[in-house]
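Q: In this text, residue positions in the sequence shown follow the numbering used here: the first is 81, and each later residue adds one.
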Amino acid sequence: MDTHTRKERLIGVVMLCAGLVYLVMTMNLPRKGFIDAAFVPYVLAFILCLLGVLQLMNSRKPANAGKPAEADDGEKVPADYPTVLKTLGLIVLYTALLSTVGFPIMTALYLYAQFIVLTPAGQKVNHIGYAVIAVVASLVIYYIFRHGFDLLLPSGFLDI
């Protein structure tokens, strides 16, 4: 077994164990119904366990299947550090302004800006499509958390 396969299996085992520990800890939370404060931790624990199992299954594939991305001519594609730095900057800005501006507006602005950052360089930016998706997603998420889970998200100066 080569080093790559061992690392992949170790990652899978660690993820599965972390998911199981998180699931056991979540089981100790008091329950008041199907959707309550323990619902999201249960979902996250099951997802982490599932990812661990998928990682273990993926580690059984040959090591050459996990080679780094290469261009069509066989050269390695360089890492895109500016995109990573822009994303980190957007996340910092989002968290800094979330309580002041509010979840619906900041989430819509963050998603719109993130869509633009992640648009490939050779592709035209679809401003209208990105704006519509960002606004609709922000409002749907806010509505689900506010009325479905009965959890308050910062509404900022909208005071919804």
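In this text, a Cβ means the ideal position worked out from N, Cα and C, and glycines have one as well. Nothing here was measured: the structure is a model prediction, and the numbers come from that model.
Using only the alpha-carbon positions, how far apart do M137 and L90 sit?
A: For M137 and L90, the distance between alpha carbons rounds to 12 Å.
Q: Using alpha carbons as the reference points, say which of T187, S218, F195, H84 lies closest to Q135.
A: Nearest option by C-alpha distance: H84.
Q: With a threshold of 8 Å, are at least 3 pairs of Cβ atoms found where one atom belongs to the segment 178-198 and the other to the segment 208-219?
A: Yes: the two stretches touch, three or more of their Cβ pairs being nearer than 8 Å.
Q: For my contact list, A211 and Y223 are in at a C-beta cut-off of 8 Å; report their separation, rounded to the angstrom.
A: Actually they do not touch by this definition, with Cβ atoms about 19 Å apart.
Q: Since L170 contacts V197 with CB under 8 Å, what's their CB separation in whole angstroms?
A: Correct: roughly 7 Å between the Cβ atoms.
Q: Answer yes or no: do G236 and G182 have a C-beta to C-beta separation smaller than 8 Å?
A: Cβ distance < 8 Å, so G236 and G182 count as in contact.
Q: Where does the unbroken alpha helix (DSSP H) through F195 begin, and where does it stop?
A: Segment 183-198, the alpha helix (DSSP H) holding F195.
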